[in-house]
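**Q** In terms of the working numbering, the first sequence has 420 at position 416, counting the first letter as 1, and numbering is strictly consecutive. Glycine is no exception: its CB is placed at the ideal position from the N, C-alpha and C atoms. One structure, as structure tokens, below. Some questions next.
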Amino acid sequence: MIDKKSARERIEHLKKVINKYRYERLVLDKEGISPDAEDALKKELFDLELKFPELVTPDSPTQRVGGKPLKEFKKVRHFDSEGKEARMISLNDAFSEKDMEDWLERLENYLGRKYDKGLYCDLKMDGLAIQLDYEDGLLKQAETRGDGLWGEDVTQNIRTIEAIPLKLVGDFPKKLVVRGETVLTKKEFDRINREQNKKGEKIFANPRNVAAGSIRQLDPAVTAKRRLGFYAYGIVGSTEGYFKKYPTHRDEYEALESYGIKTNLAKGIVAASLQEVFKFHKDVLAKRDGLEFEIDGIVVSVNDNRVRETGGIIGKAPRAAIAYKFSPREATTIVEEIKVQVGRTGALTPVAVMRPVNVGGVTITHASLHNADEIERLGLKIGDTVIVSRAGDVIPQITKVLKEMRGGKEREFKMPSRCPVDGSKVVRDGVAYRCSSKICGARHRESLYHFVSRGAFNIEGLGPKIIDRFLEEGLIVDAADIFSLQKGDVAALPRFGEKSAENIVNEINERKKITLARFIYSLGILHIGEETANLLAQEISGKVSSPKDLLRAIRGFNLEKLQEIQDIGPKVAESIFGWFREKRNEKFLEKLDEAGVVILRDKMQATSDKLAGKTFVLTGTLESLSREAAKEKIRELGGTTSESVSKNTDYLVAGSEPGSKYEKAEKLGVKIIGEAELLRLIKQ
DNA sequence: CGTCCTCGAGTTCC
DNA sequence: CTCGAGGACG
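Quick look at the structure:
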């Protein structure tokens, strides 16, 4: 629990930084940090103010909407359908089901009763809010939100948008004030950016920026060239007549459609409960990428317009509506500590431990900082506020340090000069720092994990957790001991049953036979990954049927001979040469021999030259066969597979949900084929 | 010696 | 997935 004094300090910082970014974005049309990151800061501020209401000041960003209107446009005030002044306000944000429950509870407390007349749910489009004033069915004026009170008169620009009717149809009222969002479709956004690129001009960051920029163009001709869309989300009014005509929010949508103004009526729902709202939120998230325009959440408001009016305004947002946003693609949090991990190769990797934060639907607490150089590049100190995102929507990464958020208590991080696991000296090797001890406990343990991993011995059911326990209990000391494990020894451990012990021992025995390539890979020799292990195996296959044979075979190569092998240069040769000359490793191979490890003859030769000379790269998920199986098939037919796309690639095989390789292949003009076509190629 | 291709290694969360 | 660096090649 945060005390009031630190809360006050934090609030001051947050306000200063948020205001700076808002000014840059709204007045200078420039993007300092992403909207998601800004939202995260605002959310933290909002929560702190909720906890300490006495710390709320009138200048807090939570207490205002929009920014100052630009000088160039005429400033206009916002009025409703009845000519009454009606501020254009924004919505508060919710990011979780808990936030939504809190919101409804606050509303009901205010109303003094339960609310059960339905919650209208609409998509929350990511564009620019606009008010349209119609008189006698004709578009008279259009305004941006501005600061909520005073907006900008952008009528000339709005008139160029085809999606907005200049003349209403049907049974429209004499005066009608409509609010909605101008948006840019993703397709149109791509088209504009392609054009910008061709002209050598700057690329826009997102559709919302382009939509906003287009509306606030002084030259309407520019706006006209950008085909903007418009979706209305409300009619503004507050008199008895208004409530009679439109008792519910949904009625407004239906009326708007009948007047010829587009809404997302067909995509919205009236939810009877929060549960239904949550379901809608999930459904929309699943469909998000398929929509033609960007959305960043859903808008939930009470369907009963009288209640909506009664709810009034809290701060500068309506009490009876809220934006339930999707979990952001990036967020801000605080680095509380930097841990140092020691890997299989002895490399020391700094890892940031952060205050938990939700990014893309999962809670992030750790992010690798890779190496000391990366920390320096970021300028990161312990205690800093940072922006985290997920590379490829998966791997957490710190993208930016918000140095303006520093309070003076941040600490510099220094790479330890002694290994945190065994205290050996740390030496620098390129950008990496390594523990100098080859028998460092961490290295040993990581080597064991590697030994049983999928590309190596592939012993299922024997993961890091179990290995740790075997090590702790003294059941094993090195990898070779794994093959001598007895069912009884395992079953004797606490929390291990007869059955699970049997399964593990059986699995281990089944894996005693292994291909040469896998065996070489499993040894964890520096610089020898799957590919190099394959090449090395091809070179000596046929002569090797046991670990000891391998030792003999490799000892037959000197440094020069090793380098004659394809893709092996001085560094890799040195690594192999050195490994097989170490007494410890020699003993280890002998021990594996005695434990009954047998090396199979690789049946690696191609059975056909159907695909000879062709290089394949695979991406995404295949339906009928695993990626590993597909690769094997390709190799059998004489083709080659690789992990990265280049102009030497002949085919990119794209399954569902392909990664970044897809775009790269497109850019390089590499032929992209689907699974069906691959199957046709490998059949026959 | 410089430039391009690749491979290896490290990493997170469910 | 991304970065760094090893290796091939001109």
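Residue 714 and residue 301 look like a contact to me (Cβ under 8 Å); what is the Cβ gap, rounded to whole Å?
**A** Absent from the model: residue 714. The displayed extent of the chain is 5 to 688, so no value can be given.
**Q** Since residue 591 is in the alpha helix (DSSP H), which residue starts that stretch and which ends it?
**A** Its alpha helix (DSSP H) spans residues 587 to 598.
**Q** Candidates 172, 627, 227, 464: which alpha carbon is nearest residue 160's?
**A** Comparing Cα positions, the closest option is 227.
**Q** Tell me the rounded alpha-carbon separation between residue 538 and residue 678.
**A** Their Cα atoms are separated by approximately 27 Å.
**Q** Can you tell me whether DSSP reads residue 71 as helix, strand or coil?
**A** A caution first: residue 71 carries a pLDDT of 40, below 50, which makes its placement in the model unreliable, though a value can still be read off. The answer is coil: DSSP assigns residue 71 none of H, G, I, E or B.
**Q** For a test of the three-state rule: what should DSSP assign to residue 182, helix, strand or coil?
**A** Correct three-state label for residue 182: strand.
**Q** For residue 505, write down the residues that DSSP places opposite it in a beta bridge.
**A** None, per the DSSP bridge assignment.
**Q** In whole angstroms, what is the alpha-carbon distance linking residue 262 and residue 290?
**A** The straight-line gap from Cα to Cα measures roughly 30 Å.
**Q** Using only the alpha-carbon positions, how far apart do residue 186 and residue 220 sit?
**A** C-alpha separation (whole angstroms): 12 Å.
**Q** If we count the other Cβ atoms within 10 Å of its Cβ and call it buried at 16 or more, is residue 16 buried or exposed?
**A** Exposed, because fewer than 16 other Cβ atoms sit within 10 Å of the Cβ of residue 16.
**Q** Span of the alpha helix (DSSP H) holding residue 253?
**A** Residue 253 -> alpha helix (DSSP H) spans 253 to 262.
**Q** If contacts are defined as beta-carbon pairs under 8 Å, then residue 580 and residue 532 qualify, I think. What distance do you get, rounded to the angstrom?
**A** Correct: roughly 7 Å between the Cβ atoms.
**Q** How many Å lie between residue 274 and residue 251 at the Cα?
**A** So the alpha carbons of these two residues sit roughly 14 Å apart.
**Q** For residue 431, which beta-bridge partners are listed by DSSP?
**A** DSSP, once it has assigned bridges, lists 438 as partnering residue 431.
**Q** Near residue 436, what residues of its chain come up, given a Cβ to Cβ distance below 7 Å and the 5 sequence neighbours on each side ignored?
**A** Cβ neighbours of residue 436 beyond the five flanking positions: 351, 375.
**Q** Leaving out the 5 sequence neighbours to the left and right, which residues in its chain are closer than 7 Å to residue 189 when beta-carbon positions are compared?
**A** For residue 189, where only same-chain residues beyond five positions count, the Cβ hits under 7 Å are 233, 296, 297.
**Q** Are residue 254 and residue 278 close, meaning C-beta to C-beta below 9 Å?
**A** Cβ atoms of residue 254 and residue 278: not closer than 9 Å.
**Q** Any idea which residues DSSP pairs residue 370 with across the strands?
**A** DSSP lists 357 as partners of residue 370.
**Q** Would you list the residues sitting across from residue 463 in a DSSP beta bridge?
**A** Residue 463 is not bridged to any residue.
**Q** Between the beta-carbon of residue 145 and the beta-carbon of residue 157, is there less than 9 Å?
**A** For residue 145 and residue 157, yes; Cβs fall inside 9 Å.
**Q** How long is the line joining the alpha carbons of residue 574 and residue 356, rounded to whole angstroms?
**A** Computed Cα separation, rounded: 35 Å.
**Q** Closest to residue 114 by CA distance: which of 475, 120, 489, 323 is it?
**A** Nearest option by C-alpha distance: 323.
**Q** By how many angstroms is the C-alpha of residue 258 removed from the C-alpha of residue 120?
**A** Distance between the alpha carbons of residue 120 and residue 258: 21 Å.
**Q** Compute the Euclidean distance between the alpha carbons of residue 682 and residue 568, then round it to the nearest angstrom.
**A** Cα to Cα, the separation comes out at about 34 Å.
**Q** When burial is assigned at 16 or more other CB atoms within 10 Å of the CB, is residue 665 buried or exposed?
**A** Buried: at least 16 other Cβ atoms inside 10 Å.
**Q** Using a threshold of 9 Å, state whether the C-beta atoms of residue 238 and residue 288 are closer than that.
**A** No, the pair does not count as a contact, with Cβ atoms beyond the cut-off.
**Q** For residue 96, is the classification buried or exposed, using 16 other Cβ atoms within 10 angstroms of its Cβ as the cut-off for buried?
**A** The residue in question, residue 96, is buried, as its Cβ has 16 or more Cβ neighbours within 10 Å.
**Q** Just confirm the distance between the C-beta atoms of residue 637 and residue 686, as a whole number of angstroms; I'd bet it's less than 8 Å.
**A** With 8 Å as the limit, residue 637 and residue 686 qualify as a contact, their Cβ atoms being about 5 Å apart.
**Q** Residue 223 by DSSP, collapsed to three states: which one?
**A** Residue 223: coil per DSSP, three-state reduction.
**Q** Should residue 490 be labelled buried (16 or more other beta-carbon atoms within 10 Å of its own) or exposed?
**A** Looking at its Cβ environment, which holds fewer than 16 other Cβ atoms inside 10 Å, residue 490 is exposed.
**Q** Classify residue 66 as helix, strand or coil using the three-state DSSP reduction.
**A** Correct three-state label for residue 66: helix.
**Q** Would you decide whether residue 367 is buried or exposed? Buried here means 16 or more other CB atoms lie within 10 Å of its CB.
**A** It counts as exposed.
**Q** What's the call for residue 570, buried or exposed, on a 16-neighbour Cβ count within 10 Å?
**A** Its Cβ having fewer than 16 others within 10 Å, residue 570 is exposed.
**Q** I'd like the span of the alpha helix (DSSP H) that includes residue 525, first residue to last.
**A** Note, residue 525: alpha helix (DSSP H), 520 to 526.
**Q** Unbroken alpha helix (DSSP H) runs of length 4 or more, entirely within the segment 114 to 185: which are they?
**A** Those alpha helix (DSSP H) runs which fall completely within the segment 114 to 185 and span 4+ residues are 159 to 162.
**Q** Whole angstroms are fine: how far does the CA of residue 438 sit from the CA of residue 602?
**A** Their backbone Cα atoms lie some 34 Å apart in a straight line.
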